[in-house]
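Colleague:
2 protein chains.
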Amino acid sequence: MSPQNTDERYLRAIFQVRGLGEPVTTTTLARWLDVAAPSVSNRLRRLEDAGLLSRAEGEVRLTQEGNLRAAAVVRRHRLIETFLHRALGVPVPELHESAEALQDGVSEQLAARMDEALGYPTHDPHGDPIPQAGTAGDQEAWPEPLTHAPSGRWFSVTRISDREPEASAYLISLGLVPGSRCFVAERAPFGGPLWVEVDGARHALSDTLVNLIFGVVEPARWVRR
Amino acid sequence: MSPQNTDERYLRAIFQVRGLGEPVTTTTLARWLDVAAPSVSNRLRRLEDAGLLSRAEGEVRLTQEGNLRAAAVVRRHRLIETFLHRALGVPVPELHESAEALQDGVSEQLAARMDEALGYPTHDPHGDPIPQAGTAGDQEAWPEPLTHAPSGRWFSVTRISDREPEASAYLISLGLVPGSRCFVAERAPFGGPLWVEVDGARHALSDTLVNLIFGVVEPARWVRR
DNA sequence: CGTTGGCCTTAGTCATGGCTAAGCTTCTTC
DNA sequence: GAAGAAGCTTAGCCATGACTAAGGCCAACG
C-alpha cells in the first residue's frame, strides 16, 4: 500500500547487513532480502534520491537521516519480537518471520505501547540490542566468533559464514541459523569438540564448524528458558 | 503480497455488511470498503469463481465454505481488537484501524495464541461476538439499531459501530459503551435529534450518531433504575 | 411511452514492486 | 594482453489491485 513499507524493509536490511560486518552492497542486500539484484538497485537509487543514503565505491552508507529512519525500523522490529515472545510465548525460531509479517502494520505508537508494556527492554530475545527511540542506535554489538564464547552462556547466532557451503548447510540443518540461539555447554579438552545445545538437542561441533558461527554472547543474567 | 489478503478483506466486509442487516450488494460493499464499484465487481466475480459466494438478484450470499472463511477472518479481526485493547490498552476508537493494519500479518496460529492469552473471550470491545474457530459464526442474533427503538423505553447497548472513529469516540465519552444502557426519551420532530439519557445525563444525538448504536430494547415492564 | 437515475459490469489505464535478459566495468587469471 | 567472472545497472516485462469512462439493464416517473 504505502511506499513507506518497501523503503523501510530495505533500510532495515541495510542496517542489519552492516551490523553483521559484511559489506553493504547490492548483492549482499539482494541475498539478504531474497530478491533479485535489479530490485535492490532500483530501490537504492530511490533511497539515495531521498537523501537517506550515499554510495561510494559500491558500498552503501546511510546518511544521518537514513540512520535514524533505519534505527527506528529496527527498533520496531525488535520490540515486536520481544513482545511476541514475552506476551504471547512465540518460540524464538518463529519470531523473525512473525515480526516481519507484522512490521508493516505496527505504528510507532503501537510499538511505544509494547515498549511500555514490556518495561522498556534493552535487548530482544535474540540478544540484539533495541535502539532507543530517536537515536541512531549505531553502537550495534559487533558479532564475534562462537570460538570466543565462554561455556555456560547463551549465544545468539547472527551469522553463519558461507565459506564452507557443505559445513554451513550442516549447521543450518541443526537449527544453527542467523536469528537462532544456542547454549554453549562445554569444551572438550585437547582440541576436542565444543558441545552446544540447540532447540534442546546436544551437538558436538568441530573447530571447522565452530569457526563458521558468529554472534553475540547474551548477558549472563538471562535465565535459560 | 499474497492474494489471500484481498480476498479476506472482501469476505470480512461481506460478513459485516450482512451482519448489519443491510443488503449485500456491489454498491454497499464499495461504500463499506471505500473503493470504487468496479473493484468490488471484479473481486466478487473471482470469489464466485472460487466457490466462496453466489449471487441471486444482485444479492451476494456466501456459500458454506465462504461463510467459514469469512467467519475465520472476522474471528481473527475481533481477537486482534480484543488483544490490542486488553493487552496494550489501545483505546476503543482506535481499535478498528489498528486491527485492520495488523490483520494481514496475524496468522491463524498467532490469533490462537491471543485467544488463549485472553482466556477465550466471547465478545470484542465493541460488543461484537467473536466467532468460534471452525464455525460459521452466523447464528448470532444481531442487535438492532437504536434508530428503531421506541421512546420511553430502556435500550441496552451491545455494540457501537466503528465506522466513524471520531463519532464513536464521542459516544463512548458519553458513556455509551457496550454493556451500558440508555433511556430513549423523545424524538424531536422533523428530523431533529434523538434525546437519550445516559447515567442520568441528557444528550441530543444526531442521526449520524444514532445509526452507530446497536443493542436491544428492554422489555417495557422493566422499571427505570 | 420515453426519459432519467441507480446499479452493475466491461474495457482499458496506471502505479507498485517484483522479475529476466542483456550490457557494462572492473578485477583476476592465464 | 585476452578471457572470464563478479557485480551493478539499464531496459523491458508481468501481476496485482486500484481507478475512470462508458454501456447495459431496469424501475419509477413525468
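Chains as they are written, first to last, in the working numbering: chain A, -18 to 206; chain B, -18 to 206.
Yeah, the Cβ is synthetic: ideal placement off N, Cα and C, and Gly gets one too.
1) Assign residue 172/B to buried or exposed, taking buried as 16 or more other Cβ atoms, counted over all protein chains shown, within 10 Å of its Cβ.
2) If we call anything under 9 Å between Cβ atoms a contact, is residue 67/A one with residue 111/A?
3) Does the distance from the C-beta atom of residue 183/A to that of residue 169/A stay below 9 Å?
4) Could you name the residues of chain A that residue 94/B contacts, counting a contact when the two beta carbons are closer than 8 Å?
5) When burial is assigned at 16 or more other CB atoms within 10 Å of the CB, is residue 62/A buried or exposed?
6) Comparing alpha-carbon positions, which option in 75/A, 198/A, 37/A, 96/A lies nearest residue 129/A?
7) Is the separation between the beta-carbon of residue 116/B and that of residue 51/B shorter than 9 Å?
8) For the beta strand (DSSP E) containing residue 43/B, list its first residue and its last residue.
9) Who are the near neighbours of residue 205/B in its chain, counting only those whose CB is closer than 7 Å to its CB and skipping five residues on each side?
10) Taking 9 Å as the threshold (beta carbon to beta carbon), is residue 20/B in contact with chain A?
11) Thinking just about the alpha-carbon of each residue, which of 132/B, 156/B, 192/B, 150/B is nearest to the one in residue 181/B?
12) Considering only DSSP beta bridges, list what residue 140/A is partnered with.
13) At a CB distance below 8 Å, what residues from the segment -8 to 19 of chain A approach chain B? Give them in sequence order.
14) Mind pulling the chain A residues with CB within less than 8 Å of residue 83/B?
15) Per DSSP, which one or two residues make a beta bridge with residue 46/A?
16) Report the CB separation of residue 196/A from residue 106/A in whole angstroms; it is logged as a contact under 8 Å.
17) Would DSSP call residue 161/B helix, strand or coil?
18) Applying the criterion that 16 or more other CB atoms from any shown protein chain within 10 Å of the CB defines a buried residue, is residue 59/A buried or exposed?
19) Using a beta-carbon distance below 9 Å, is residue 98/B in contact with chain A?
20) Between residue 193/B and chain A, is there a C-beta pair that is closer than 9 Å?
21) So for residue 57/A, helix, strand or coil by DSSP?
22) Roughly how many whole angstroms lie between the Cα atoms of residue 179/B and residue 91/B?
23) With 9 Å set as the bound, which would you pick, yes or no: does the beta-carbon of residue 161/A sit closer than that to a beta-carbon of chain B?
24) With distance defined between alpha-carbon atoms, name the residue in 102/B, -1/B, 150/B, -12/B nearest to residue 29/B.
25) How big is the Cα-Cα spacing for residue 137/B and residue 74/B?
26) Among the residues of its own chain, which have a CB less than 6 Å from the CB of residue 47/B, if the five just before and after it don't count?
27) Looking at the structure shown, is residue 167/B part of a helix, part of a strand, or coil, going by DSSP?
28) Would the segment 187 to 196 of chain A count as touching the segment -10 to 7 of chain B if we require 3 or more Cβ pairs under 8 Å?
29) In chain order, what residues of the same chain have a beta carbon less than 8 Å from the beta carbon of residue 78/B, not counting five sequence neighbours either side?
30) Let's see if you can read the secondary structure: which residues bound the beta strand (DSSP E) around residue 183/B?
31) Between residue 25/B and chain A, is there a C-beta pair that is closer than 9 Å?
32) Quick check on residue 26/A: buried or exposed, where buried means 16 or more other Cβ atoms within 10 Å of its Cβ?
33) What did DSSP end up calling residue 36/A once you bin it into helix, strand or coil?
34) Near residue 104/B, what residues of its chain come up, given a Cβ to Cβ distance below 7 Å and the 5 sequence neighbours on each side ignored?
35) Check each candidate in 31/B, 76/B, 101/B, 54/B and name the one with the smallest Cα separation from residue 87/B.
36) Report the option in 118/B, 83/B, 72/B whose CA atom is closest to the CA atom of residue 45/B.
Modeller: On the basis of the coordinates in this document:
1) exposed
2) no
3) No, these two residues do not count as a Cβ contact at 9 Å.
4) Chain-order list of chain A residues neighbouring residue 94/B: 69, 70, 71, by C-beta distance under 8 Å.
5) Counting Cβ neighbours within 10 Å, residue 62/A comes out buried, since at least 16 surround it.
6) 198/A
7) no
8) Run containing residue 43/B: 40 to 43, per the beta strand (DSSP E) assignment.
9) Only weak support is given to the placement of residue 205/B: the predicted model assigns it a pLDDT of 40, under 50, and the question is left unresolved by the model.
10) False, the Cβ-Cβ gap to chain A never drops below 9 Å.
11) 156/B
12) 195/A
13) none
14) 83, 86, 87
15) Residue 46/A is not bridged to any residue.
16) About 13 Å separates the two Cβ atoms, so there is no contact after all.
17) coil
18) buried
19) Using a Cβ-Cβ cut-off of 9 Å, residue 98/B counts as an interface residue toward chain A, since at least one Cβ of chain A sits closer than that to its own.
20) no
21) helix
22) Using only the alpha carbons, I get a separation of about 38 Å.
23) Chain B contact via Cβ: absent.
24) Nearest option by C-alpha distance: -12/B.
25) 20 Å
26) Here the set comprises 33, 34.
27) strand
28) The segment 187 to 196 of chain A is not in contact with the segment -10 to 7 of chain B.
29) 146
30) 182 to 186
31) With a threshold of 9 Å between beta carbons, residue 25/B makes no contact with chain A.
32) exposed
33) Residue state, collapsed to three classes: strand.
34) If you ignore the 5 residues before and after residue 104/B, its C-beta comes within less than 7 Å of the C-beta of 110, 111, all in its own chain and listed in chain order.
35) 54/B
36) 118/B
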